[in-house]
Amino acid sequence: MNSNNKLYFYPLWLRIWHGINALGIIMLIITGLSMNAGVESSFIKFNVAVNMHNISGIVVTLNYLLFLIGNIITDNSKFYIVKPKGFLKRPMKQAYYYIWGMFHGMKAPYPLSEKRKFNPLQKYFYVLVMYLAVPIIILTGFALLFPELIFEKIYNISGVLITAVLHSALGFIISVFLIIHIYVSSIGKSPLENFKSIITGWHHI
Amino acid sequence: MNPYYILDTVAMRQGVHNQFDCTDCHSYEYSTYPHKAELKLEPLATCLDCHAGDEATAKYQFEKIDVEFKKSIHYQVYGENFTCSKCHSQHTYRPIARTSAQVTEIVKFDNNMCLACHNDMKEYKLMSGRNNPQIRQIHDWLPNQELHFDNVRCIECHTEVVDGLMVSHNIEGRDKASLKCAECHSTNSRLKASLYKYQNLQKRAQDGSLKNVLSNESYVIGTHQIPILKIISYIIFFAVFAGIVVHGFFRMINKK
């Protein structure tokens with residue numbers, strides 16, 4: 062859909078998924094940080110934080126299924142396909158634009174269109190987060206809910222330890238992604254433009 | 189024959205006193221059978237009769253254990269009737285916490301010493317005259333009860349921690365038991381004072397593997413179990429934060 066330089070990029074199901082995901086992950090980060098701060102020094106009561114973390118984790122997991130199914134049955138998945146051509150060159154060019162070019166009159170190298178919803182760098186990050194980090198954090202999260210299922214030892218190192226460290230390290234990486242994601246969203250026609258799109262679904266070219 | 193009078197000879201041969209003959213400790217008259225009934229009343233040596241001041245077993249610190257034990261609820265309530273052998277069978281005891289490389293094996297062996305009475309109606313009543321406490325119900329408050337029972341010794345929460353001893357024998361009453369998660373799940377975990385401290389030291393001495401050097405905080409939650417990851421995460425976070433501030437600053441200047 063296209064009207065007056067506007068593209069209907071974000072269908073309703075995607076906006077619902079994005080909204081739930083955003084709230085869920087913010088919840089997970091706050092409660093996760095609180096638990097990481099220690100059992101007694103945490104700013105949310107420990108058992109409250111654990112319960113909130115578990116519930117948010119399950120909500121985000123179910124919501125992730127919505128994302129997967131939505132991408133399977135609609136053609137939204139095509140935006141996530143990484144092509145081997147210019148595998149490194151294209152995202153590097155985009156990074157160069159963000160770091161240097163945009164301050165020196167360079168035009169965005171990969172303007173968004175009906176065929177291109179994400180710029181190459183953005184696409185790489187989304188693929189890594191949504192198809193690598195999120196599945197692993199979901200798996201390790203459920204493993205920690207049922208710790209008796211985890212291998213007792215992996216090469217003499219406690220399986221629970223590896224699972225817990227992997228889970229929270231990925232949590233940290235996703236938190237960093239979220240900060241960058243929100244900041245980069247403010248680079249648009251105007252700083253608030255992209256945030257309006259989250260609600261309306263329309264993107265200004 | 190009374191089954192309590194039959195000794196598990198295999199277990200005996202695996203135990204610490206395996207090199208002894210029965211008559212080294214018991215009356216020589218036991219060498220005839222049937223044994224005389226009054227032999228049951230023979231005075232037997234206590235652990236300290238042999239081990240106090242004994243250089244060969246000095247590393248086990250029997251005298252220090254005795255001092256700690258005298259403060260324990262077992263001694264306070266039952267006095268001299270509560271002998272070492274009530275928990276440590278002189279026939280089959282193995283110093284498993286020192287010899288085993290498996291925490292779970294140590295935990296099981298040690299906990300069975302407690303559970304032999306505390307989870308056995310007959311044995312408990314015989315000593316105390318009261319019905320035995322319901323172990324599972326009492327510990328209902330403990331999250332992941334099964335996991336804790338398999339991996340943590342009863343004594344980790346039920347004794348006062350004494351740094352110099354592997355196991356403090358001052359087993360305290362239930363009102364003094366540790367009920368706080370943070371006492372174990374924190375950087376200065378009380379577990380380190382006993383079992384895991386020993387395990388870590390032993391392992392590091394054996395293989396010096398990187399994991400043991402990097403991580404001695406296994407009972408802290410998440411990445412902070414590994415101190416270096418904590419530092420790296422702070423560096424990444426501040427780098428990202430600084431990057432955003434600088435980028436935002438130049439965007440603002442550029443706009444004007």
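Chains as they are written, first to last, in the numbering used here: chain D, 62 to 266; chain U, 189 to 444.
Cβ atoms here follow ideal geometry from the backbone N, Cα and C, with glycine treated the same way.
Using a Cβ-Cβ distance cut-off of 8 Å, determine whether residue i contacts chain D.
i, result
"V428 of chain U", "yes"
"N320 of chain U", "no"
"S421 of chain U", "yes"
"I134 of chain U", "Only positions 189 to 444 of chain U appear in this structure, which leaves residue 134 of chain U out of reach."
"V401 of chain U", "Note on V401 of chain U: pLDDT 38, under 50, position unreliable in the model; the coordinate value appears next. Not closer than 8 Å to any Cβ of chain D, the Cβ of V401 of chain U fails to qualify, so no."
"N388 of chain U", "Summary for N388 of chain U: the model assigns pLDDT 45, below 50, so the residue's position carries little reliability; its value from the coordinates is reported in the next sentence. With 8 Å as the cut-off, N388 of chain U does not count as an interface residue toward chain D."
How would you list, in chain order, the residues of chain D whose beta-carbon sits under 7 Å from the beta-carbon of residue i?
i, result
"N442 of chain U", "F164"
"I414 of chain U", "V226"
"I294 of chain U", "Correct list: empty, because the minimum Cβ distance to chain D is about 14 Å."
Quick test of your reading: residue i and residue j, contact by CB under 8 Å. State the CB separation rounded to the nearest angstrom.
i, j, result
"V190 of chain D", "F425 of chain U", "Their Cβ separation, rounded to whole angstroms, is 17 Å, which puts V190 of chain D and F425 of chain U out of contact at 8 Å."
"T122 of chain D", "I199 of chain D", "5 Å"
"M20 of chain D", "S117 of chain D", "Outside the modelled stretch of chain D, which goes from 62 to 266, sits residue 20 of chain D, for which no answer is possible."
"E254 of chain D", "H265 of chain D", "6 Å"
"I81 of chain D", "T92 of chain D", "Incorrect: roughly 16 Å between the Cβ atoms, too far for contact."
"I284 of chain U", "H357 of chain U", "So it is not a contact: roughly 16 Å between Cβ atoms."
"L68 of chain D", "E175 of chain D", "6 Å"
"C369 of chain U", "F107 of chain D", "7 Å"
Could you work out which residues of chain D lie near residue i, taking near to mean beta carbons separated by less than 8 Å?
i, result
"F438 of chain U", "F164"
Counting only beta-carbon separations shorter than 8 Å, does residue i have a partner in chain U?
i, result
"Y244 of chain D", "yes"
"F233 of chain D", "yes"
"V226 of chain D", "yes"
"V237 of chain D", "yes"
"A204 of chain D", "no"
Do residue j and residue i count as a contact pair if the criterion is CB distance below 8 Å?
i, j, result
"G320 of chain U", "D328 of chain U", "Before going on, a small fix: residue 320 of chain U reads as Asn here, not Gly. No, the Cβ-Cβ distance between N320 of chain U and D328 of chain U is not below 8 Å."
"R341 of chain U", "N300 of chain U", "no"
"I343 of chain U", "I359 of chain U", "yes"
"G203 of chain U", "R282 of chain U", "yes"
"F207 of chain D", "G220 of chain D", "no"
"V226 of chain D", "I420 of chain U", "no"
"R177 of chain D", "Y171 of chain D", "yes"
"Y159 of chain D", "M167 of chain D", "no"
"E251 of chain U", "A240 of chain U", "yes"
"L182 of chain D", "P145 of chain D", "no"
"H336 of chain U", "I323 of chain U", "no"
"M200 of chain U", "H279 of chain U", "yes"
"G262 of chain D", "Y71 of chain D", "yes"
"G131 of chain D", "N124 of chain D", "no"
"N339 of chain U", "V291 of chain U", "yes"
"L239 of chain D", "I77 of chain D", "no"
"L353 of chain U", "E256 of chain U", "yes"
"V188 of chain D", "V143 of chain D", "yes"
"C210 of chain U", "L232 of chain U", "no"
"F179 of chain D", "F140 of chain D", "yes"
"A304 of chain U", "E293 of chain U", "no"
"F429 of chain U", "F164 of chain D", "no"
"Y218 of chain U", "L227 of chain U", "yes"
"T197 of chain U", "T234 of chain U", "no"
"S316 of chain U", "C345 of chain U", "no"
Anything in chain U within Cβ reach of residue i, meaning under 9 Å, just list it in chain order.
i, result
"V121 of chain D", "Here the premise fails: no neighbours, minimum Cβ distance about 17 Å."
Sorry if obvious, but does the Cβ on residue i come closer than 7 Å to a heavy atom of the ligand NAP?
i, result
"Q290 of chain U", "Of ligands this structure carries none, so the ligand NAP is not represented either."
What residues of chain U sit near residue i, judged by a beta carbon separation below 8 Å?
i, result
"I240 of chain D", "V428, F429, I432"
Output needed in chain order: residues of the region 334–349 of chain U with a Cβ under 8 Å from some Cβ in chain D. E334, L335
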